[in-house]
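Data first, discussion second: the structure below is written as structure tokens.
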Amino acid sequence: MSTPVIQTDAGQEGWEAIVADPAGAVISSDFDGVLSPLVEDPARARPVDGALDALARLARSVKQVAIVTGRPALVATELTGVTGHAGLGSLVVLGHYGLERWDASTGRVTSEPVPEGVAVARSRLPGLLQEAGLSEAFVEDKESSLAVHTRRLPDPVGALERLRTPLTELAAATELRLEPGNLVLELRPPGIDKGVALRGLIESTAAQSVLYAGDDLGDLAAFRAIDEHRKAGLRAVLLATRSSGATELIEAADIVVDDPTGVVTVLTALSDAIAAR
Ligand SMILES: O=P(O)(O)OC[C@H]1O[C@H](O[C@H]2O[C@H](CO)[C@@H](O)[C@H](O)[C@H]2O)[C@H](O)[C@@H](O)[C@@H]1O
């Protein structure tokens, strides 16, 4: 399989560094929109064919493979089906934007405490949605955070805009942070994001190189954290899918693919290149 189109010199250097020294590399990916296509019902998201096998093949030679997601870690492990998947015995899932960590080697989750503001926001949310005339919006209660989805409403974009101000106010009142995503606005604890998660992963593994794949606004923090580490010598590949149409992320990427199937193609090309070195 041929090398994908790498649009930047930094990305090319990152690719070559991973291939030359896979034992120093971390391969990390978001779930929704990257390993799984976006679907109407979040409970029905599943990885595309070949995604887990592509990660498992890389896991044979790299330092660490990780999934970094806004989903709770155990929800992500269930939806991805990674538990017991051949070759993924050392996988790490950083859930809730890094608030939680699941290790395949132990099957255990470690977690930070949930701030009280989440319970307050949970109790106020139904009234807020009713006042906005959007009681039908789907609230995904993730225990440590609350995601308000508009994908299944008649005017998803208009509904999202109507909710932005009241949810921003609710976030401020409950000392939470409002995270925008693809037809979703999420109230989540402050002090965590995928940038913090990536920094922790890079530092704890002493990674020399990293590939990170994302699709949505929440992945920008990961891209920025990796960019900062690049200044200190880290080699990296930033891979984006067009699933969420997040222009800023797509423009910052070294490799852009249309969808999760494209991600599988890139990951497979990377392990082919490692095997051929
Ligand atoms: O950063 P992520 O791990 O990608 O989390 C972002 C949100 O992902 C999920 O929502 C997105 O995927 C859903 C299933 O395909 C889709 O219905 C929704 O419109 C997308 O925004 C997840 O359900 C949310 O909790 C995350 O905030």
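With numbering that gives the first Met the number 0, letter number 218 in the sequence shown gets 217, and the count goes up by one each step, no holes.
The beta carbon of each residue, even a glycine, is placed where N, CA and C say it ideally should be.
Locate the beta strand (DSSP E) running through P179, then write down its first and last residues.
-> For P179, the uninterrupted beta strand (DSSP E) run begins and ends at 176-180, by DSSP.
In its own chain, which residues sit with a C-beta less than 8 angstroms from the C-beta of P36, not counting the 5 before and 5 after it?
-> If you ignore the 5 residues before and after P36, its C-beta comes within less than 8 angstroms of the C-beta of A44, V47, S242, D258, P259, all in its own chain and listed in chain order.
Can you list, in chain order, the residues of its chain whose CB lies under 7 angstroms from that of E247, leaving out five sequence neighbours each side?
-> Same-chain partners within the cutoff: L219.
Roughly how many whole angstroms lie between the Cα atoms of A16 and V25?
-> Distance from the CA atom of A16 to the CA atom of V25, rounded to whole angstroms, is 11 angstroms.
In angstroms, rounded to a whole number, what distance separates the CA positions of A231 and R59?
-> Straight across, the Cα-Cα distance linking A231 with R59 is about 27 angstroms.
Along the chain, where does the beta strand (DSSP E) that runs through V236 open and close?
-> Per DSSP, the unbroken beta strand (DSSP E) holding V236 starts and ends at 234-240.
Distance, Cα to Cα, I249 vs D215?
-> Going from the Cα of I249 to the Cα of D215 covers about 9 angstroms.
Can you give me the start and stop residues for the beta strand (DSSP E) that G261 sits inside?
-> Unbroken run through G261 is the alpha helix (DSSP H), 259-275; no beta strand (DSSP E).
Under the three-state DSSP convention, the category F222 falls into = Note: F222 maps to helix in three-state DSSP.
Cα-Cα separation between S144 and A196, rounded to whole angstroms | Rounded to the nearest angstrom, the two C-alpha atoms are 16 angstroms apart.
Are the stretch 93-110 and the stretch 51-71 touching by the rule of at least three beta carbon pairs closer than 8 angstroms?
-> With three or more CB-CB distances shorter than 8 angstroms, the stretch 93-110 counts as touching the stretch 51-71.
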